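Taking it in order: structure first as structure tokens, then the write-up.
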Amino acid sequence: MYCFMKCTTNIYDAVDQHLAQSHVQYFTDLSDPEKSLVLERAARSLKSVGGSNPYDNLNKKISDLLDKGINSDVSRQLLKEDPLETKTDLLLAKICDGIVSLLRKWPDQKYKLHAFLNQPLPQPIRFVGWNVFLSNHNHRNKFLKDLSTNPRSILSPMDAEIQRNCDAFMATLPAGPSMADSRGNMSSMKAILSYHHSSLGNKRDLAESEYYYTLPIVLSHNPPLPRNEKPYEKSLSILIEMYLTFLDILPPPLIQSHLNSTTQDLEPWFRKVEFHLKEIDRPVYNHLRMVLYPQGAQMANSDDPYIALLLKKCCYPWFKFLFVGCLNVDPLMYVWDQYIITSDLPNFHDELI
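My numbering puts the first residue of the sequence shown at 4, with every later residue one more than the last.
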């Protein structure tokens, strides 16, 4: 309690100092974003104080209490229930539950998921994390309104053909079996695409990539959708919101790529891959040149047309379908984790792609 009171007093003093510097009389005169900014600056100024400070002491106290509380809870669970999971599994499950609860309560803290960069998200965190990054309640509310007022409007006139296409595509994808084995997954995929197509006003057919993009979205659902039943309305509305928001924030080159079926808009990306090969993986680049050039042929000194052609052929489907067409489920979901949790960092996000 003392740590909390000491930290609170110091924060109040720091806030007063920032208000005075900004010539603001009362904290309540600020807008909500301005209040958050002032509190953040005040906390940062406390953290920058040399040596032990009330902010660090409070953080350490909270960390110790959380550690003791979680360990105590898991120990009781091990004694009472004799679960099959190890203590480590139970601790991780408790931590996942805590992160999920915090994300649901404060979705604006989603940027803290950047800590998972280069790591796969656990499934409970993945579903909620993707949801907060792909959140647009207008999409969900419109679907629910259409469903209640005019249920037929959520189905495309091409509904049966979309179902056949879903079945055909899933039969060809490395991650397809994880979808095709579940009625809930396949029903969700078809429902998402049928609704999306109906919202286009039948102006065009769905692109192949629009089919592919549904797969990771559906597989992110936690708990997994029922294998023998259709998805519940709530689950479907969330998945539709995530899918349509995902399409909204696609990089322009990818939008043009699946609408026009051309590689022209992806040319800068091909050149970037070639640049990285030259600068970072030069041995790989040289090996490719040795393999591609006919024996005895004169190699190009600068830009290599053979390398450029190879990269275009290889990278085009990877970029266009965001790796859905070439990866199994686990690596695919890992790649999408990285793609989605960095979508709020424009420069980094573009470089990641």
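Ideal Cβ positions, reconstructed from N, Cα and C, are used throughout, including at glycine.
Note that this is a predicted model, so its numbers are computed, not measured.
Exercise. Quick one: Cα of Thr248 to Cα of Phe136, how far?
Worked result: Their Cα atoms are separated by approximately 9 Å.
Exercise. Glu37 to Arg44, Cα distance in whole Å?
Worked result: Answer to the nearest angstrom: the Cα atoms are 11 Å apart.
For this session: Please report how far the alpha carbon of Ser260 lies from the alpha carbon of Leu295, in whole angstroms.
Result: Within the model, the alpha-carbon separation for Ser260 versus Leu295 is close to 27 Å.
Problem set entry | Ser197 - containing alpha helix (DSSP H), residue span | It spans Arg186 to Ser202 - the alpha helix (DSSP H) in which Ser197 sits, taken as one unbroken run.
Exercise. Tell me which same chain residues have a C-beta within less than 8 Å of the C-beta of Asp184, skipping the five on either side of it?
Worked result: For Asp184, where only same-chain residues beyond five positions count, the Cβ hits under 8 Å are Arg230.
Exercise. Nearest to Tyr216 by CA position, among Ile252, Glu232, Glu236 and Asn225, is which residue?
Worked result: Comparing Cα-Cα distances from Tyr216 to each of Ile252, Glu232, Glu236 and Asn225, the minimum goes to Ile252.
For this session: Could you tell me the distance, in whole angstroms, from the CA atom of Tyr29 to the CA atom of Lys63?
Result: The C-alpha of Tyr29 lies about 31 Å from the C-alpha of Lys63.
For this session: Determine, using beta carbons only, whether Tyr337 and Leu355 come nearer to each other than 8 Å.
Result: Cβ atoms of Tyr337 and Leu355: not closer than 8 Å.
Exercise. Is Ser191 near Pro219, with beta carbons less than 8 Å apart?
Worked result: For Ser191 and Pro219, no; Cβs fall outside 8 Å.
Exercise. Can you name, in chain order, every residue of its own chain whose Cβ lies under 7 Å from the Cβ of Tyr198, other than the five neighbours on each side?
Worked result: Its chain contains Phe146, Ile157 and Ile243 as the residues whose beta carbon lies nearer than 7 Å to that of Tyr198, once the 5 sequence neighbours on both sides are disregarded; these appear in chain order.
Exercise. Under a Cβ-count criterion, where at least 16 other Cβ atoms within 10 Å of its own Cβ denotes burial, should Glu232 be classed as buried or exposed?
Worked result: Classification of Glu232: exposed, given that the 10 Å Cβ count is below 16.
Exercise. Given Arg107, which residues of its chain have a CB within under 8 Å of its CB, disregarding the five upstream and five downstream residues?
Worked result: Result list for Arg107: Val131, in chain order.
Exercise. Can you name the start and end residues of the alpha helix (DSSP H) that Lys145 belongs to?
Worked result: Segment His140 to Thr152, the alpha helix (DSSP H) holding Lys145.
Problem set entry | Segment contact flag, the segment 267 to 287 with the segment 169 to 180, C-beta cutoff 8 Å, min 3 pairs | Touching, no, given that fewer than three Cβ pairs across the two stretches are closer than 8 Å.
Exercise. Mind pulling the alpha helix (DSSP H) runs of 4 or more residues that sit fully within the segment 220 to 306?
Worked result: Here the runs fully enclosed are 236 to 251, 255 to 263, 270 to 282 and 285 to 295.
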